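Trainee: Here the numbering used here is used: the first residue of the sequence shown is 709, the next is one more, and so on.
Handing you this structure, nothing more for now.
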Amino acid sequence: MEIKFSIEPEFLEVQLNGSFTQDAFVDFLRLLGKKDSENIYIDASKLQNTNLTYQERFDIVNVSLANLNFAAKIAIVWPKRDINHFIIDNMQRHGHAIQIFSEINKAKSWLLKK
Numbered sequence: 709m710e711i712k713f714s715i716e717p718e719f720l721e722v723q724l725n726g727s728f729t730q731d732a733f734v735d736f737l738r739l740l741g742k743k744d745s746e747n748i749y750i751d752a753s754k755l756q757n758t759n760l761t762y763q764e765r766f767d768i769v770n771v772s773l774a775n776l777n778f779a780a781k782i783a784i785v786w787p788k789r790d791i792n793h794f795i796i797d798n799m800q801r802h803g804h805a806i807q808i809f810s811e812i813n814k815a816k817s818w819l820l821k822k
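Here it is in structure tokens:
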């Protein structure tokens with residue numbers, strides 16, 4: 709899985725490409741947790757193998773809760789065919805401002821809405 713960070717004027721942008729693996733995604737979440745940004749845009753729209761098992765989703769929730777900044781607002785673009793709200797719903801229940809989208813412009817619009 710390739711990870712590319714870039715700092716845009718209004719948010720931190722992350723591009724995820726290649727093939728999803730849980731180990732690489734966990735490493736990404738730990739790295740993302742060290743970034744100091746109020747708004748984070750994650751584009752995983754081209755990521756492959758994104759139909760995650762429930763165990764993978766459960767593990768991602770736990771790693772996210774342990775590492776991600778509660779003050780950050782996070783918009784994620786994920787392949788439409790594999791969007792499942794388990795992770796997002798659980799993150800929101802714990803107080804994170806996070807949302808998942810299948811369209812880039814909708815994700816950015818939500819992220820930048822005050």
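Where a beta carbon is used, it is the ideal one built from N, C-alpha and C, also for glycine.
It should be emphasised that the depicted structure is a prediction, and the values quoted were computed from it without experimental measurement.
1) Excluding the 5 residues preceding and the 5 following ILE711 in the sequence, name in chain order all residues of the same chain whose CB lies nearer than 7 Å to its CB.
2) For LYS814, which residues does DSSP report across the bridge?
3) Starting from the N-terminal side, write out each stretch of the beta strand (DSSP E) that is 3 residues or longer and does not extend beyond the region 709-782.
4) For the beta strand (DSSP E) containing ILE808, list its first residue and its last residue.
5) When DSSP labels each residue in this structure, what does ILE784 get in the three-state scheme?
6) Leaving out five residues before and five after ALA732 in sequence, what residues of the same chain have Cβ atoms less than 6 Å from its Cβ?
Mentor: This is what the structure gives:
1) Mapped onto the sequence shown, residue 711 falls at position 3. So the qualifying residues of the chain are VAL722, LEU724 and PHE736.
2) In the sequence shown, residue 814 corresponds to position 106, counting from 1. Its beta-bridge partners do not exist; DSSP assigns none.
3) 710-715, 720-725 and 747-751
4) Within the sequence shown, the letter at position 100 stands for residue 808. Residues 805-809.
5) For the purposes of this step, residue 784 is taken as residue 76 along the sequence shown, with counting starting at 1. Strand at ILE784.
6) Taking the first residue of the sequence shown as position 1, residue 732 is located at position 24. Cβ neighbours of ALA732 beyond the five flanking positions: MET709.
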